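Remarks on the structure that follows.
In the working numbering, the protein residues as written are 3 to 147.
Following this line, the structure appears as structure tokens:
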């Protein structure tokens, strides 16, 4: 296996671990959670978000992104359409978020999809600055009260 392939694999594994960590944290806060991994070749075109979290009749549809070496996260337009489609089918209580983890200092941040910047290609751009000023886990939990 090439060195570049090994590094990509390690990054994917780290991302999966962060998704599982976020599911656990949300569960411990009283959310009903499910992680819907869709990274296989056949799953790439399915309409499912990374995580679905529900509490007190509120549904959060979440696309998860982690970064270590960059200050900007991009979500491609297909992933955005997945979130919107799933949310639409779930009903009026569903809200879409991009969950971003840059580092321990900032922790998990939740950017409402409508607050994220849309690029000319229809992708979503989340800067570290935008994420830093977005919702924390506690803020997200407070939306269910």
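Think of the CB as a built atom: it goes at the ideal place given N, C-alpha and C, for glycine as much as any other residue. The structure displayed is predicted, hence computed values, not measured ones.
Counting along the chain, where does the alpha helix (DSSP H) carrying residue i start and finish?
i	result
residue 99	Not the alpha helix (DSSP H): residue 99 falls in the beta strand (DSSP E), residues 96–103.
residue 143	139–144
What is the rounded straight-line gap between the Cα of residue i and the Cα of residue j?
i	j	result
residue 81	residue 60	21 Å
residue 114	residue 97	8 Å
residue 125	residue 19	25 Å
residue 109	residue 135	12 Å
residue 79	residue 30	31 Å
residue 65	residue 103	11 Å
residue 10	residue 142	31 Å
residue 92	residue 146	16 Å
residue 17	residue 120	23 Å
residue 56	residue 130	26 Å
residue 32	residue 25	11 Å
residue 50	residue 68	18 Å
residue 116	residue 85	12 Å
residue 23	residue 63	16 Å
residue 127	residue 13	20 Å
Got a sec? Which residues, its chain only, sit under 7 Å from residue i by beta carbon, not counting five neighbours each side?
i	result
residue 43	Any reading at residue 43 must be qualified, since the residue scores a pLDDT of 48, below 50, and its modelled position is unreliable; no value is offered.
Going by DSSP, which residues form a beta bridge with residue i?
i	result
residue 126	77, 120
residue 62	55, 97
residue 37	53
residue 68	103
Between which two residues does the beta strand (DSSP E) containing residue i stretch?
i	result
residue 111	110–114
residue 22	From DSSP, residue 22 is part of no beta strand (DSSP E) but of the alpha helix (DSSP H) over 5–30.
Might you give, ordered along the chain, the residues of its own chain that have their beta carbon closer than 8 Å to the beta carbon of residue i, omitting 5 neighbours on each side?
i	result
residue 27	110, 139
residue 133	75, 102, 104, 108, 111, 113
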